[in-house]
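Structure, as structure tokens:
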Amino acid sequence: MKTIRVLLADAESENREYSLNLLEGDPDIDVIGEAGRGHEVLEMLPELNPEVLIMDVNLADLDSLDVALEINLKYPSTGVILIAEEENMNLLKRAMQAGVREIMLRPLEPGELINGVKQVAKACRRTAESQKETVDFMKDTGGGSKHQQILKASQIITVFGNKGGVGKSIIAANLAVAAAARHKNEVALVDLDLQFGDISLMMNINPRKTIAELMQESGELTSDLVDEYFYERSGVKVLSAPHKPELGELVTSFGVETVLKICRQMYSYTIVDTPTFLDDTTLTALEMSDVVILLISLDIPTIKNIKKGIDILESLKMLPRTKLVLNRSSSLSVGLEPGDVEQVLGMKIAASIPSDFKITVSSVNRGTPFLNMSPKAPISRSIMELFDTIDQSK
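When you line the sequence shown up against our numbering, it's residues 921 to 1314, in that order.
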């Protein structure tokens, strides 16, 4: 393995010495410098060009995550490992926004730190190689190939809603079919509800391979390899959730990031279904999304939960890319009106999907998207209109 160049940054010299002692015994790692302040890190980066920066969360002069963000923007070939005393959701979200590759907690163990450095370096090298291959490919094709056009126009659309029962999966499946009707063979559907995903059921797929098995592949994930795990239905290529809930633990945020990057290269549209709770894989999908479909329905528990979801999206600076979609808009009145919901949530409803219990239940039971079963039904037309809104905004 090519020697990994590592820079240490910590306000406490004792911490830097401890990390140095853990790393210096490994022949594949070369600690090329130390810094005690954030400004020193930014000054040393252009000259030293480290592959990995190990940085404490508490720097004396600058916010470490501001430093990480600047590194991610200006020096993307340098992967950041953040060292903290404890991990919380706020730190996790900010670290993801800043492009931090990994968070480690004190006390550091020798094997853990060395393995982390090697994994981050490996990931950075993969990313650099992938970017080089893409640039070379586009040069070879003269800049006018269909592949290049897909790269320019590709969108990731994530269907999200932090309340169960709002219809995320059935909307995601039919939205993908709607996209395929406009862009045949250019649409992917990824099920990231890793514990209880229903996309394969709704698309009548009994997958032998799922995203869990894909994560166990050794070596670099390539477009050809990833394509082997997709199953085609109704012009949509589908990547299914794991067969068993416990297998969801095999799917990491880095794995999801890699798969979605490959999907962005292969397809014009990638539709992502998500669970009702917020975990690191869902955060990754949201961060990478060009459009977030935030589903709501007219009931108090849903509105309460969705308000929390909006707060999360706002913290991630995702609201400008979010479309609030009212599902089952024609259900019996429960004392709430769309205008009331807009006022409470502080967002306009971008689209409405009417209720059609008979068609949706029949669709799920048959494993056939209702857009194929009843293309002229109001619910089907509303899905097409929703997709056309997204398609025209590109």
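No residue lacks a Cβ here, since even glycine has one placed at the ideal position from N, Cα and C.
For the putative contact between residue i and residue j, defined by C-beta atoms under 8 Å, what is the C-beta separation to the nearest angstrom?
i	j	result
ALA1092	LEU1109	7 Å
GLY1287	LEU1121	6 Å
VAL1211	ARG1241	6 Å
ALA1271	THR1309	6 Å
LEU968	LEU927	6 Å
ILE1216	GLY1081	7 Å
ASP948	LYS1038	7 Å
LEU1025	GLU1007	6 Å
VAL961	VAL987	6 Å
THR998	LEU973	6 Å
MET1208	LEU1246	With a Cβ gap of about 25 Å, MET1208 and LEU1246 do not count as contacting.
MET1135	LEU1170	5 Å
ILE1230	LEU1203	The Cβ separation is near 15 Å, so there is no contact.
PRO1289	SER1154	6 Å
If we ignore side chains and look at the alpha-carbon of each, how far apart do residue i and residue j end up?
i	j	result
ARG925	VAL951	6 Å
ALA1152	VAL1158	The question names Ala, but residue 1152 in the sequence shown is Glu. Roughly 6 Å between the two C-alpha positions.
PRO1274	ILE1299	5 Å
LEU1239	MET1016	17 Å
ILE1076	LEU940	41 Å
THR1201	GLU1305	29 Å
ASN1124	THR1172	26 Å
LEU942	PRO1195	39 Å
LYS1224	GLY1259	16 Å
ALA929	THR923	19 Å
ALA1205	LEU1214	13 Å
CYS1044	PHE1277	48 Å
SER1282	LYS1227	31 Å
ASP1118	GLU963	50 Å
VAL1261	TYR938	54 Å
GLU1137	ASP1311	34 Å
THR1280	GLU1032	49 Å
MET1186	ASN935	44 Å
THR1178	MET1009	22 Å
PRO1127	LEU965	47 Å
LYS1072	HIS1103	With a pLDDT of only 43 at LYS1072, under 50, the local geometry of the prediction cannot be trusted, and no value is derived from it.
LYS1083	ASP1199	14 Å
ILE1220	LEU1011	30 Å
ALA1099	GLU1029	48 Å
THR1078	LYS1243	10 Å
GLN1115	PHE1197	11 Å
VAL1176	LEU1167	14 Å
VAL1328	PRO970	The question about residue 1328 has no answer here: the residues shown for the chain are numbered 921 through 1314.
ARG1140	VAL1000	Strictly speaking, residue 1140 in this sequence is Glu, with Arg absent from that position. Their backbone Cα atoms lie some 20 Å apart in a straight line.
ILE1034	SER1160	34 Å
ARG1248	SER1294	17 Å
VAL1097	LYS1237	29 Å
LEU1233	GLY1036	29 Å
Where does residue i land, buried or exposed, given buried means 16+ other C-beta within 10 angstroms?
i	result
GLU1005	exposed
LEU1291	buried
VAL1156	buried
GLY945	exposed
THR1142	exposed
GLU932	exposed
SER1253	Caution is warranted here: a pLDDT of 49 is assigned to SER1253, below 50, making its placement in the model unreliable, and no coordinate value can be reported.
LYS1268	exposed
MET975	buried
SER984	buried
PHE1307	buried
PRO1162	buried
ASN882	Because the chain here runs from 921 to 1314, residue 882 falls outside it and cannot be looked at.
ARG1014	buried
ALA1150	First, the amino acid is wrong: residue 1150 is Phe here, not Ala. Buried, by the Cβ-count rule.
LYS1296	exposed
LYS1164	exposed
GLU1106	buried
GLN1263	exposed
PRO862	For residue 862 there is no data in the structure shown, the boundaries of the chain being 921 and 1314.
GLY1085	exposed
Return the chain-ordered ranges of every beta strand (DSSP E) run that is complete within the segment 1289–1314 and spans a minimum of 3 residues.
-> Restricting attention to beta strand (DSSP E) runs no shorter than 3 residues, the segment 1289–1314 encloses none.
Completely contained beta strand (DSSP E) runs for the segment 1104–1154, where each covers 3 or more residues = Runs of the beta strand (DSSP E) inside the segment 1104–1154: 1107–1111 and 1151–1153.
Every unbroken alpha helix (DSSP H) within the segment 1160–1209, with a cutoff of 4 residues, ordered by chain = Listed in chain order, the complete alpha helix (DSSP H) runs (minimum 4 residues) inside the segment 1160–1209 are 1173–1186 and 1200–1208.
Does the count of Cβ pairs from the segment 1078–1092 and the segment 1183–1195 closer than 8 Å reach three?
-> Three or more pairs of CB atoms, one per stretch, sit closer than 8 Å, so the segment 1078–1092 contacts the segment 1183–1195.
Complete runs of the beta strand (DSSP E) confined to the segment 1224–1253 [at least 3 residues] | As far as the segment 1224–1253 is concerned, its whole beta strand (DSSP E) runs of at least 3 residues are 1242–1247.
Is there contact here, the segment 1016–1032 with the segment 983–998, by at least three beta-carbon pairs under 8 Å?
-> The segment 1016–1032 is in contact with the segment 983–998.
Would you mind listing the alpha helix (DSSP H) stretches within the segment 1069–1103 that are 4+ residues and don't spill past its ends, in chain order?
-> Segments of the alpha helix (DSSP H) lying fully in the segment 1069–1103: 1088–1102.
Are there three or more Cβ pairs, one per stretch, closer than 8 Å when the segment 952–960 is compared with the segment 994–1003?
-> Using a Cβ-Cβ distance cut-off of 8 Å, the segment 952–960 and the segment 994–1003 are not in contact, since fewer than three pairs of beta carbons, one from each stretch, lie closer than that value.
Taking only runs of the alpha helix (DSSP H) that begin and end inside the segment 973–1020, which ones reach a length of at least 4 residues, in chain order?
-> DSSP runs (the alpha helix (DSSP H)) wholly in the segment 973–1020: 984–994 and 1009–1018.
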